[in-house]
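In my numbering, the protein residues as written are 114 to 420. The C-beta atom is built at its ideal place from N, Cα and C for all residues, glycine as well. These numbers were taken from a predicted model, which means no experiment stands behind them.
Put into structure tokens, the structure is as follows:
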């Protein structure tokens, strides 16, 4: 493992939370009895209830605080039934974890790599598809894609409305270093059916999983539920599908997000990214600013950085 990295892998079964900590070349193990049903219920309500954020910290991290203390990058590796935990939003009673630590989430410890920074020549593919009939327009997203295109200038290809088709994205995605999708997202309990809307059609995790993104792009999924799944063995979030397809980092959301807040967060994220921050540090900078501005946890905690 790289120096300066602490990895926490956690697995929740019916009556115990099992935790492995990898640090300084050593692996330690901690097991604790828990009420799994209550814990899952609190994870589901965390977006609206700070008390759940505090209790989840007490269960997931307080027992191992002494083993993970320090200024290392903290890498959280959850088992499928803990994927819905927004680890940056866990609260120790004084501050959110994102205020104390640099954090990222990984879908696989075995394939973990430190996130990369952009070079000044990398290209961006920015899309805002037409919304489906009966589904609300996204004025914030329209503002968002214009601003993101302006940030990258001549290095950006921006497709909106009828030009932003599933075929255009799937055929051209592998040519770019940054992929930004603004649309409506949908979670499903069916295998590989988590999706993002492209007008009357959708791109599903199944479609993304077939891509080969050899440029290892940074992907931003500015839509609802793009990092959520049922936790089933054959289910896969869009964020996980992009990682499996070759993305180096993905910014995805764990729950329903509002249009205007998502636009503000996305534009600020790309500004930080273009200045040379890694995706995880760029997201952290924006989340800290949202906290300083007094924005509710629901506006920033849904978005997590995955590698």
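Using DSSP's beta-bridge definition, name the partner residues of residue i.
i, result
"residue 294", "240, 334"
"residue 310", "315"
"residue 393", "In DSSP, residue 393 forms no bridge with anything."
"residue 418", "364"
"residue 133", "122, 142"
"residue 190", "122"
"residue 299", "308"
Sorted by chain position, which residues of the same chain lie with C-beta nearer than 7 angstroms to residue i's C-beta, five sequence neighbours on each side aside?
i, result
"residue 321", "351, 354, 355, 358"
"residue 195", "123, 125"
"residue 224", "none"
"residue 118", "185, 186, 188"
"residue 256", "376"
"residue 275", "243"
If you draw a straight line from the C-alpha of residue i to the C-alpha of residue j, how long is it?
i, j, result
"residue 266", "residue 381", "16 angstroms"
"residue 164", "residue 182", "23 angstroms"
"residue 215", "residue 398", "10 angstroms"
"residue 137", "residue 116", "7 angstroms"
"residue 390", "residue 290", "15 angstroms"
"residue 395", "residue 201", "13 angstroms"
"residue 271", "residue 169", "40 angstroms"
"residue 263", "residue 269", "8 angstroms"
"residue 178", "residue 150", "24 angstroms"
"residue 131", "residue 173", "10 angstroms"
"residue 231", "residue 144", "40 angstroms"
"residue 302", "residue 284", "27 angstroms"
Among the residues of its own chain, which have a CB less than 8 angstroms from the CB of residue i, if the five just before and after it don't count?
i, result
"residue 360", "292, 326, 329, 330, 331, 332"
"residue 334", "294, 298, 309, 340, 351, 352, 355, 363, 364, 365, 366"
"residue 311", "242, 243, 277, 278, 279, 282, 296"
"residue 286", "238, 292, 324, 326, 330"
"residue 254", "241, 295, 296, 335, 372, 375, 376"
"residue 211", "201, 202, 397, 400, 401, 404"
When you compare the CB of residue i with every CB in chain C, is at least one pair closer than 7 angstroms?
i, result
"residue 368", "The structure shown contains no chain C; it is built from a single protein chain."
Could you pull out every residue in the same chain whose Cβ sits closer than 6 angstroms to the Cβ of residue i, ignoring the five residues on either side in sequence?
i, result
"residue 393", "217, 228, 418"
"residue 410", "202"
State buried or exposed for residue i, treating a residue as buried only when at least 16 other CB atoms are found within 10 Å of its CB.
i, result
"residue 315", "buried"
"residue 248", "exposed"
"residue 140", "exposed"
"residue 146", "exposed"
"residue 148", "exposed"
"residue 197", "buried"
### Task
Output the residue ranges of the beta strand (DSSP E) runs that lie fully inside the segment 253–284 and measure 3 residues or longer, sorted by chain position.
269–274
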